[in-house]
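Here the structure is laid out as structure tokens; the discussion comes afterwards.
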Amino acid sequence: IKARGGMHEVLEFVEGLALQHGLVQPGGDYRALATPQAREVLGRYQVAVGSTGNLGMSIGVVASALGFQATVHMSADAKEWKKDRLRQRGVQVVEHTGDYERAVAAGRAEAASNPLCHFVDDEQSFSLLLGYSAAALHLQKQLAEQGVAVDAEHPLIVYLPCGVGGAPAGITFGLRQVLGPHVHCFFAEPVQSPCFMVQMMADATQGVGQHPSVYDWGLTNRTEADGLAVPRASLLAAELMRPLLSGVFTVADDTLFAHLVRVLDALGERIEPSAAAGFSGPAMLTGTTAGQAWLRSTGIEAVLHQATHLVWTTGGLLVPDAQYQGFVQRGRAVLAAQA
Ligand SMILES: Cc1ncc(COP(=O)(O)O)c(C=O)c1O
Numbered sequence: 520i521k522a523r524g525g526m527h528e529v530l531e532f533v534e535g536l537a538l539q540h541g542l543v544q545p546g547g548d549y550r551a552l553a554t555p556q557a558r559e560v561l562g563r564y565q566v567a568v569g570s571t572g573n574l575g576m577s578i579g580v581v582a583s584a585l586g587f588q589a590t591v592h593m594s595a596d597a598k599e600w601k602k603d604r605l606r607q608r609g610v611q612v613v614e615h616t617g618d619y620e621r622a623v624a625a626g627r628a629e630a631a632s633n634p635l636c637h638f639v640d641d642e643q644s645f646s647l648l649l650g651y652s653a654a655a656l657h658l659q660k661q662l663a664e665q666g667v668a669v670d671a672e673h674p675l676i677v678y679l680p681c682g683v684g685g686a687p688a689g690i691t692f693g694l695r696q697v698l699g700p701h702v703h704c705f706f707a708e709p710v711q712s713p714c715f716m717v718q719m720m721a722d723a724t725q726g727v728g729q730h731p732s733v734y735d736w737g738l739t740n741r742t743e744a745d746g747l748a749v750p751r752a753s754l755l756a757a758e759l760m761r762p763l764l765s766g767v768f769t770v771a772d773d774t775l776f777a778h779l780v781r782v783l784d785a786l787g788e789r790i791e792p793s794a795a796a797g798f799s800g801p802a803m804l805t806g807t808t809a810g811q812a813w814l815r816s817t818g819i820e821a822v823l824h825q826a827t828h829l830v831w832t833t834g835g836l837l838v839p840d841a842q843y844q845g846f847v848q849r850g851r852a853v854l855a856a857q858a
């Protein structure tokens with residue numbers, strides 16, 4: 520989910536540089552970027568990013584592959600194996616003891632002192648957001664291929680994992696652009712890190728201009744969903760979502776592990792805990808007072824039996840086996856305790 524945005528921003532950056540330095544001509548053959556002459560020029564530039572892990576992975580991989588100096592500022596939540604993989608590719612990994620917000624701020628400050636550094640700003644970047652939104656075009660094609668209609672009689676209800684909000688906001692924006700108003704998007708956040716929820720609540724109750732953190736609510740921002748461990752939402756994402764987002768719900772860590780096992784058993788797919796948050800969506804909608812109130816107020820209750828529920832998840836193929844087996848064990852224990 521993060522890689523699509525990360526790739527977009529780095530490719531946009533390299534394209535701008537390549538045109539500026541005459542390494543490629545408009546409409547020309549971009550394979551010229553792989554020549555030693557081009558790599559020498561690109562190697563003078565740095566690409567930096569602050570991340571809980573997954574955005575850093577994609578930026579580090581694509582930036583180093585293009586020949587840039589790549590620096591990834593990782594928050595304390597980032598998993599060791601993600602940092603190791605980046606180091607193996609020659610990416611400089613800067614480890615921060617603080618949270619995501621502080622890792623991003625440190626990266627932004629360091630980048631500001633280097634005129635040859637491009638900082639990929641997950642809290643503020645429009646290029647990232649547009650990259651995330653491109654997912655909507657792929658989904659549009661998949662739905663058409665499967666003959667899934669999206670209209671007033673057949674609403675599409677989408678449940679997306681949310682960290683800082685950029686990726687799910689980009690996708691929601693894209694889906695509303697290409698599929699129209701009968702797409703209804705909900706964001707899913709860890710119980711201890713509901714930054715988008717507190718942002719939306721502040722906007723609704725105190726007016727626009729607030730920028731609360733989950734710590735203000737006495738929450739810890741500690742979660743096994745490393746990608747979603749973000750204390751304060753992106754204001755760019757929040758502004759874009761204010762008129763478009765249907766709601767936000769939270770998911771307990773134990774539930775993430777239970778979903779991870781259900782996905783493995785039902786589909787044979789390996790996912791990360793962060794990518795499991797959306798699976799609570801349908802039960803949240805039909806089994807809670809707030810969800811039922813939304814169904815009634817929108818009139819969707821009457822057509823719910825014809826609705827398509829879409830849970831956004833992303834693969835965890837890179838997760839080392841030992842780690843993944845630990846996730847599965849925890850999920851099975853949660854399911855056994857519920858049985
Ligand atoms: C697997 C996964 N899903 C969703 C997200 C949420 O993206 P964002 O932080 O842009 O809200 C992340 C963030 O890292 C992630 O790793």
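Just so we're aligned, residue 520 is where the sequence shown starts under my numbering, counting upward by one.
For glycine and all other residues, C-beta sits at the position ideal for the given N, C-alpha and C.
Just so you know, the alpha carbons of glycine 699 and arginine 761 end up roughly 16 Å apart.
If one requires a minimum length of 3 residues, the beta strand (DSSP E) runs lying completely within the region 742 to 804 are 766 to 770, in chain order.
The way I'd put it, the region 541 to 554 doesn't touch the region 654 to 673; fewer than three beta-carbon pairs between them come closer than 8 Å. Per DSSP, valine 623 is one residue of the alpha helix (DSSP H) stretching across 619 to 631. Valine 702 and valine 667 do not touch by the CB rule: their CB atoms are close to 12 Å apart, not below 8 Å.
By the 16-neighbour rule on beta-carbons within 10 angstroms, histidine 592 is buried. When DSSP states are grouped into helix, strand and coil, glutamate 642 belongs to the coil group. Glycine 650 is not a Cβ neighbour of glycine 569, given a cutoff of 9 Å. Bridge partners of proline 709 according to DSSP: Val770. The distance from the Cβ of leucine 647 to that of glycine 685 is about 6 Å, consistent with a contact at the 8 Å cut-off.
Between phenylalanine 715 and alanine 757, the CB-CB gap stays under 9 Å. Within its own chain, the residues whose Cβ lies closer than 8 Å to the Cβ of methionine 526, once the five positions on either side in sequence are excluded, are Ser577, Val581 and Gly650, listed in chain order.
Residue pairing of isoleucine 690 in beta bridges, as defined by DSSP: absent, with no partner found. The beta carbons of alanine 796 and alanine 707 sit about 4 Å from each other, so the pair counts as a contact at 8 Å. Taken through DSSP and simplified to helix, strand or coil, alanine 589 comes out as strand. Nearest neighbour of leucine 747 by Cα position, chosen from Pro839, His778 and Tyr619, turns out to be Tyr619.
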